[in-house]
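Working notes, structure below.
2 protein chains.
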Amino acid sequence: MSETVTIPERSGAAFTLSSGQTLTVIDPKGMQVADLLAFNARDVDEVISSGRTLDYAETIRLTTGHSLYSNRSNILLEIIEDSVGLHDFLLTPCSRETFVHFYPDLPQHRGCFGNLAAALEPYGVLPDRIPVAFNCFMNVPVDGETGKLSVEPPVSKAGDRIVFRAAMDLVIGLTACSAPASNGGSFKPIAYRID
Amino acid sequence: MSETVTIPERSGAAFTLSSGQTLTVIDPKGMQVADLLAFNARDVDEVISSGRTLDYAETIRLTTGHSLYSNRSNILLEIIEDSVGLHDFLLTPCSRETFVHFYPDLPQHRGCFGNLAAALEPYGVLPDRIPVAFNCFMNVPVDGETGKLSVEPPVSKAGDRIVFRAAMDLVIGLTACSAPASNGGSFKPIAYRID
Numbered sequence: 024m025s026e027t028v029t030i031p032e033r034s035g036a037a038f039t040l041s042s043g044q045t046l047t048v049i050d051p052k053g054m055q056v057a058d059l060l061a062f063n064a065r066d067v068d069e070v071i072s073s074g075r076t077l078d079y080a081e082t083i084r085l086t087t088g089h090s091l092y093s094n095r096s097n098i099l100l101e102i103i104e105d106s107v108g109l110h111d112f113l114l115t116p117c118s119r120e121t122f123v124h125f126y127p128d129l130p131q132h133r134g135c136f137g138n139l140a141a142a143l144e145p146y147g148v149l150p151d152r153i154p155v156a157f158n159c160f161m162n163v164p165v166d167g168e169t170g171k172l173s174v175e176p177p178v179s180k181a182g183d184r185i186v187f188r189a190a191m192d193l194v195i196g197l198t199a200c201s202a203p204a205s206n207g208g209s210f211k212p213i214a215y216r217i218d
Numbered sequence: 024m025s026e027t028v029t030i031p032e033r034s035g036a037a038f039t040l041s042s043g044q045t046l047t048v049i050d051p052k053g054m055q056v057a058d059l060l061a062f063n064a065r066d067v068d069e070v071i072s073s074g075r076t077l078d079y080a081e082t083i084r085l086t087t088g089h090s091l092y093s094n095r096s097n098i099l100l101e102i103i104e105d106s107v108g109l110h111d112f113l114l115t116p117c118s119r120e121t122f123v124h125f126y127p128d129l130p131q132h133r134g135c136f137g138n139l140a141a142a143l144e145p146y147g148v149l150p151d152r153i154p155v156a157f158n159c160f161m162n163v164p165v166d167g168e169t170g171k172l173s174v175e176p177p178v179s180k181a182g183d184r185i186v187f188r189a190a191m192d193l194v195i196g197l198t199a200c201s202a203p204a205s206n207g208g209s210f211k212p213i214a215y216r217i218d
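In order, the protein sequence lines correspond to chains A and B. At position 39 of the first sequence (counting the first as 1) the number is 62 in my numbering, and the numbers step up by one without a gap. At position 155 of the second sequence (counting the first as 1) the number is 178 in my numbering, and the numbers step up by one without a gap.
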């Protein structure tokens, strides 16, 4: 079994994941969010697409058995295990601008967007290419009648996990989320393992 | 008053819209969808972002008073009038691949994606840069409990419209949607006017 890697609070990482390998994203302390991005490792212009994925899945609640699609309608990742069942695929990673918007009184932070941009830069991914992320453990209820959404604390408990299998060679971006609302104001690490 | 332009059924158009101008998108016969994209005319790497917009608006139901944001958190368009109040901002434009997925028995079509890619090519927009569109008049109810979504016929009637004001110089992509589910199986034109 491979080593478990920790992403420290309010930071991010990028790494390659080969076709057939699994990526386990773990919430080690509970109630923390991990923004996940995926790119075709051979051509980073092919990128995870919320719009394609939600269209094919016919639900905004993705869990075991669902696939995450690219902008070219290819499967990038399949969700093969999920101990939480509540994730978000509507919102873009928090950024300096979202901190100004939502937390004008808090110290500013480059957010998951800045962390992802820095981590993905060596792989040739430009900041403008960062789309809606698959936000593991992020709890964003939507009111079906009014359409209103809100960012609530995750329901994930310590040790909860979601497992993805790569359907092609990928570059992955992954964060331990930096936005207070996403994790109930308590910044914590995220762990991951590749098998 | 400027001329009203018709986009024939199952086709698309692209044009520039200057800061301060308004774009009126009209459903001339009722129950038809128009996928709308917007790019910064001076730098098409800045593009409409569903994830930023939904985050700032805190709702998936955008209407009069809401702004459509870019991937750089700038306002591209403001919705200043809306006679329908029911649009979609979750799904990517229908494409050849979505026709294969959803309508395997129908003649294939390049869809709104192909129409947008062709119309936007002269402006330097690559197909891989086409994100989730703001789908005018598209009716995609979401079940708040289960997360299930479905594509239902629009509630727009003949002559219904939505009016946007440009907050910067833009390149706009706009379609008369090609997917049977979006418009109740009846392909119709879309009209627009710039003032």
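We put the CB at the ideal spot given by N, CA and C, even for glycine. Only a predicted model underlies this, so the values are computations on that prediction, with no experimental measurement involved.
Any C-beta of chain B under 8 Å from that of residue i
| i | result |
| --- | --- |
| A/Q147 | Note on residue identity: the sequence assigns Gly, not Gln, to residue 147 of chain A. No, A/G147 does not count as interfacial toward chain B. |
| A/I15 | The structure shown has nothing for residue 15 of chain A, since chain A only spans 24 to 218. |
| A/V155 | yes |
| A/E120 | yes |
| A/R75 | yes |
| A/R216 | no |
Cβ of residue i within 8 Å of any chain A Cβ
| i | result |
| --- | --- |
| B/N94 | yes |
| B/G170 | yes |
| B/H124 | yes |
| B/R9 | This structure leaves residue 9 of chain B out entirely; chain B is present only between 24 and 218. |
Separation of residue j from residue i, as counted between CA atoms
| i | j | result |
| --- | --- | --- |
| A/G196 | A/G35 | 7 Å |
| B/E120 | A/V163 | 29 Å |
| B/G85 | A/N138 | First, the amino acid is wrong: residue 85 of chain B is Leu here, not Gly. One C-alpha to the other measures close to 29 Å. |
| A/S25 | A/D218 | 6 Å |
| A/F160 | A/F125 | 20 Å |
| B/G134 | B/V174 | 16 Å |
| A/G207 | A/L129 | 15 Å |
| B/L113 | B/S73 | 7 Å |
| A/L193 | B/S201 | 32 Å |
| B/D183 | B/I102 | 14 Å |
| B/V70 | B/N94 | 6 Å |
| B/P154 | B/T115 | 6 Å |
| B/G88 | B/D105 | 9 Å |
| A/P177 | A/V107 | 9 Å |
| A/D58 | A/A199 | 7 Å |
Sub-8 Å separation of residue i and residue j beta-carbons
| i | j | result |
| --- | --- | --- |
| A/L46 | A/F187 | yes |
| A/A181 | A/P51 | yes |
| B/L99 | A/T82 | no |
| A/A37 | A/A142 | yes |
According to DSSP, residues forming a beta bridge with residue i
| i | result |
| --- | --- |
| A/N158 | A/D58, A/D111 |
| B/G196 | B/A37, B/L60 |
| A/D78 | According to DSSP, which records beta bridges pairwise, A/D78 is partnered with nothing at all. |
| B/R133 | None; B/R133 has no bridge partner. |
| B/K211 | DSSP output for B/K211 lists no bridge partner at all. |
| B/V28 | B/Y215 |
Contact set between residue i and chain B, taken where Cβ atoms lie within less than 9 Å
| i | result |
| --- | --- |
| A/P164 | G167 |
8 Å Cβ cut-off: residues of chain B touching residue i
| i | result |
| --- | --- |
| A/E81 | K171, L172, S173 |
| A/R133 | Chain B residues near A/R133: none, gap ~13 Å exceeds 8 Å. |
| A/R184 | Ordered by position in chain B, no residue passes the 8 Å Cβ test against A/R184, which lies about 20 Å from the chain. |
Partner residues on chain A for residue i, Cβ-Cβ distance less than 8 Å
| i | result |
| --- | --- |
| B/L193 | What B/L193 touches in chain A: nothing, since even the nearest Cβ is about 16 Å away. |
Amino acids of chain A, ordered along the chain, whose beta-carbon sits closer than 7 Å to that of residue i
| i | result |
| --- | --- |
| B/D68 | D151 |
Proximal residues of chain B, C-beta to C-beta of residue i below 7 Å
| i | result |
| --- | --- |
| A/L1 | Residue 1 of chain A is absent from the model: chain A starts at 24 and stops at 218. |
Cross-chain neighbours of residue i in chain A, by beta carbon under 9 Å
| i | result |
| --- | --- |
| B/R33 | By Cβ distance, chain A contributes nothing, its closest Cβ being about 18 Å from B/R33, past 9 Å. |
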